[in-house]
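Engineer: Take this structure, written in structure tokens, and hold onto it; I'll ask about it next.
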Amino acid sequence: MDASFWLDKWQRNETGFHAAEPHAFLLRHFPAVNLVAGAHVFVPLCGKTVDIHWLLAQGFRVTGSELSQIAVESLFQDLGYKPEITLTDYGPCYSAGPLRVFVGDIFRLDATSVGTVDAIYDRAALIALPRHMRQLYAAHVVQITHAARQLLVCLDYDQTRRAGPPFSVDERELRALYAGHYTLTELEAEAVPGGLKGICPAQEVVWLLSPKRL
Ligand SMILES: C[S@@+](CC[C@H](N)C(=O)[O-])C[C@H]1O[C@@H](n2cnc3c(N)ncnc32)[C@H](O)[C@@H]1O
């Protein structure tokens, strides 16, 4: 799953992962993250998600990371924001008011560019990546955010029934990826209506990752 896979998806408007409404888990469980208004939320692999609209409406500042310029331009347009575009060492950075999105490969983004992060919201980021990249991704996100707490939405299904993305990430793998830095609490699990594209049963699970201060 290299960059061209995702850039082609955006180019062809094959964005079935994009939801019209904010995720129900975000609405129900973001309060458990326990942030004050003005806090800074990092949204990795953000696409043009309307979850960002919701986070902004709650008074949070948001930084996103996204490969596709098409997605980022749509995000700002949908919000009615006119972005200022600056060229950083990492690539173009779109910003307007409380929203900033770095366009490019998250693996090149560094902690200094992201700044102090109060929380991470991961929906369809970890599960967008194949297994060999998930370990690198988890370690990188921990590093660039100094292990900020996370609300993380996972998907669990029989990976032998369908190739990803989205990929299945079960509790065992999630713990292997994150338990060194976080205490993991399952907040809710819900069956995906109709299963995964009608092929097999699947459930979405939302986790709170609270940093272990070592
Ligand atoms: C499954 S989509 C999820 C988008 C968004 N989180 C949502 O819920 O709608 C995954 C997104 O990650 C982006 N992406 C994939 N690999 C990336 C990378 N290495 N760096 C930054 N963005 C990436 C893709 O372009 C795509 O928009």
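So the sequence shown is numbered by the UniProt record's numbering: it starts at 1 and just counts up by one.
Every residue, glycine too, gets a C-beta built ideally from N, C-alpha and C.
All values derive from a computational prediction rather than experimental measurement.
From the DSSP output, read off the bridge partner residues of residue 122.
Structural biologist: Residue 122 pairs with 152.
Engineer: Candidates 53, 188, 192, 35: which alpha carbon is nearest residue 72's?
Structural biologist: It is 53 whose Cα lies nearest to the Cα of residue 72.
Engineer: Helix, strand or coil, according to DSSP, for residue 144 in the structure here?
Structural biologist: Looking at residue 144 - three-state DSSP - the assignment turns out to be helix.
Engineer: Which class does residue 76 belong to by DSSP, given the choice of helix, strand or coil?
Structural biologist: Three-state result, residue 76: helix.
Engineer: Whose C-beta lies closer than 8 angstroms to the C-beta of residue 41 among residues of the same chain, with five residues either side of it excluded?
Structural biologist: The residues are 35, 55, 60, 61, 62, 63, 117, 118, 119, 120, 121.
Engineer: For residue 185, which residues from the same chain have a beta carbon less than 6 angstroms from its beta carbon, with the 5 sequence-adjacent residues on both sides left out?
Structural biologist: Excluding positions up to five away in sequence, the list reads 208.
Engineer: Around the Cβ of residue 30, are there at least 16 other Cβ atoms within 10 angstroms (buried) or fewer (exposed)?
Structural biologist: Flag for residue 30 reads buried.
Engineer: How is the alpha helix (DSSP H) around residue 52 delimited, first residue to last?
Structural biologist: Start and end: 50 to 57.
Engineer: Can you confirm whether the region 85 to 97 touches the region 120 to 135 when touching is taken to mean that 3 or more C-beta pairs between the two stretches lie within less than 8 angstroms?
Structural biologist: Cβ pair count under 8 angstroms is below three, so no.
Engineer: Using the three-state DSSP reduction, which class does residue 87 fall into: helix, strand or coil?
Structural biologist: Note: residue 87 maps to strand in three-state DSSP.
Engineer: Check residue 63 in the structure and name its three-state DSSP category.
Structural biologist: Three-state DSSP puts residue 63 in a strand.
Engineer: Rank 17, 28, 68 by C-alpha distance to the C-alpha of residue 8 and give the top, closest one.
Structural biologist: Comparing Cα positions, the closest option is 68.
Engineer: Could you tell me if the beta carbon of residue 2 falls within a distance shorter than 6 angstroms of some heavy atom in ligand 1?
Structural biologist: No; taking the cut-off as 6 angstroms, the Cβ of residue 2 has no heavy atom of ligand 1 nearer than that.
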